[in-house]
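In my numbering, the protein residues as written are 29 to 600. Ideal Cβ positions, reconstructed from N, Cα and C, are used throughout, including at glycine. Quantities reported herein were computed from a predicted structural model and do not represent experimental measurements.
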């Protein structure tokens, strides 16, 4: 029989299990060596130039997330163990971390799904958006949110897992399954009628709609989501939605008035909750974009510098865009000061996504455009060629070519034409045609090749061939774009010009009038149409009718570009 002293010694000697010492095991079904090996195999089978680099980046991002999550979960465990936090705070932080674990598990499962094609480019972008444990540190904000109705907690957690899984599919470029899952989650959220979860489901469905190109539907849903978030005290979501809407108004739509109104709401929303560093930088970024739209260049430059300073050296995917915005602003004032900033945007993109990633090519493309605008032809060609090389090797069938690949080819074609090298221009057009070989015959993107071939044939004075290419390009574009699209207006104008040269004056005049009647013409297209009609009337010997077109054109102000010379010749 043990004495009390002996019992004490025995208890002290008995091995004690540390409840916080095995937290790493909680990631066993999320990210572990077997899953890493399986992911390596999937990347190895991908036939794109950046596959190996992208594999390394995705694995490294998941490793960093795992370490961060284990550290955060261990801190929470120690805080509970030593009584440093209350039950409610511990529960809120724990739920948040468990949700993040489920979110990353959904991503890894999607990456390993053998029934879905793996896009290494989109895998890198999804990995760059992994959640951070910092989002789970503000228990006060989480506790301020309206709680789920009693008895629905498990249903709410399952709903949120599905919302997050839909988001991961979207980030991986699997838009149709992501949209369907998001729609289903939204229907369940409506039936459940728990405000914060409904706000989250509506916000994700809005983003899905934007990804599908349904902007009006996406915007309406986003407004609904922010109303729901504010009503249910989901303050972080409300603040992020206002910030996203301000960013979109400024960056995508160049709408200073709407962007300013949304930025004001975003700033007010972030006063209710402490904004993380990235959100602080986004607010400064939007402020800079809006100031630039209003012509307040010094204020814009200062705001962009603030945004960059907040994120410099970090992993934010917004950082390259911030450098690009600053470079664009500087280029208008002093091109020489802009070149290092353009290069820094490329450097940041390479650091975040990789040197062969399609997102990085975008920054080479912008540098090429700026070089061309500044008359630096050879440097522009090099940057365009780099963008084309990256985008051409970025995806494999059945993934369509990058949407900007045609624009980069067009830049190279235009530079070749300006240099008088029509053979080189034709070579680039042929390369673009080959890059689009996987597209269906009636895909609107094929219109780019037809449009470029129309331009080349026109320069060679092959009017009938140029007209045929114009007609084919219009037939490809018009089912998906409006008559007021600048590309359509340009082709209609060019087709009328070719008809005039072929002596088909009645058809040409009808085309020019249709163009003018459609409205929404820029000054160059209107001038081209009126000068074309004036030329036709002069060919018919109708001097007075030609004078009417020329007078109408003169009343509207100076004629842009080289059309002024044509105007003077016709007036003579």
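- Between residue 341 and residue 330, the C-beta spacing is not below 9 Å.
- Cβ atoms of residue 236 and residue 201 stay farther apart than 8 Å, at about 12 Å.
- By the Cβ neighbour-count rule, residue 420 is buried, with 16 or more other Cβ atoms within 10 Å of its own.
- Closest in alpha carbon position to residue 165, among 278, 486, 143, 118, is 118.
- Rounded to the nearest whole angstrom, the CA to CA distance from residue 275 to residue 383 is 26 Å.
- Residue 422 and residue 539 have their C-alpha atoms spaced approximately 40 Å apart.
- Close CB contacts of residue 502 within its chain, under the 6 Å cut and outside five residues either way in sequence, are with 519 (chain order).
- Residue 257 sits close to residue 224, with the two beta carbons spaced by under 9 Å.
- Between residue 53 and residue 306, the alpha-carbon positions lie close to 31 Å from each other.
- In the three-state reduction of the DSSP assignment, residue 61 falls in the helix class.
- Residue 507 and residue 537 have their C-alpha atoms roughly 24 Å apart.
- Contact between residue 491 and residue 529 holds, since their C-beta atoms are separated by about 5 Å, short of 8 Å.
- From the listed residues 212, 69, 109, 86, the smallest Cα separation to residue 157 is found for 86.
- Annotation: residue 243 to residue 107 spans about 46 Å, alpha carbon to alpha carbon.
- Beta-carbon to beta-carbon, residue 415 and residue 434 are separated by about 11 Å, too far to satisfy the 8 Å threshold.
- Residue environment: residue 110 is assigned as exposed (fewer than 16 neighbouring CB atoms within 10 Å of its CB, all protein chains considered).
- Here residue 441 really is in contact with residue 480; their C-beta atoms are around 5 Å apart, less than 8 Å.
- Taking the Cβ atoms as the reference, residue 522 lies roughly 15 Å from residue 546, outside the contact range of under 8 Å.
- Annotation: the continuous alpha helix (DSSP H) that includes residue 459 extends over 450 to 463.
- Within the same chain, and ignoring the five residues on either side of residue 358 in sequence, the residues whose Cβ sits closer than 7 Å to its Cβ are 365, 366, 369.
- Between residue 459 and residue 494, the beta carbon gap of about 20 Å keeps them out of contact (Cβ cut-off 8 Å).
- Residue 338 and residue 310 have their alpha carbons spaced roughly 9 Å apart.
- Residue 380 holds the alpha-carbon nearest to the alpha-carbon of residue 343 among 356, 380, 373.
- When only Cα atoms are considered, residue 391 and residue 417 end up about 13 Å apart.
- Proximity to residue 321 across 204, 294, 286, 301 peaks at 286, based on C-alpha coordinates.
- Excluding the 5 residues flanking it on each side, residue 535 has same chain C-beta neighbours closer than 6 Å at 527, in chain order.
- A distance below 8 Å between beta-carbons, with the five flanking residues on each side excluded, links residue 153 to the following residues of its chain, in chain order: 199, 345, 381, 387.
- Put simply, of 318, 283, 265, 408 the residue whose alpha carbon is nearest the alpha carbon of residue 302 is 265.
- Secondary structure of residue 48 (DSSP, three-state): coil.
- With distances taken between CA atoms, residue 143 lies nearest to 70 out of 70, 246, 352.
- In this structure, the beta-carbon distance from residue 273 to residue 313 does not fall below 9 Å.
- By the neighbour-count definition (other C-beta atoms within 10 Å, threshold 16), residue 448 is an exposed residue.
- Less than 9 Å separates the beta-carbon of residue 291 from that of residue 318.
- The three-state reading of DSSP puts residue 350 in helix, counting H, G and I together.
- Residue 122 sits in a helix when the DSSP states are folded into three classes.
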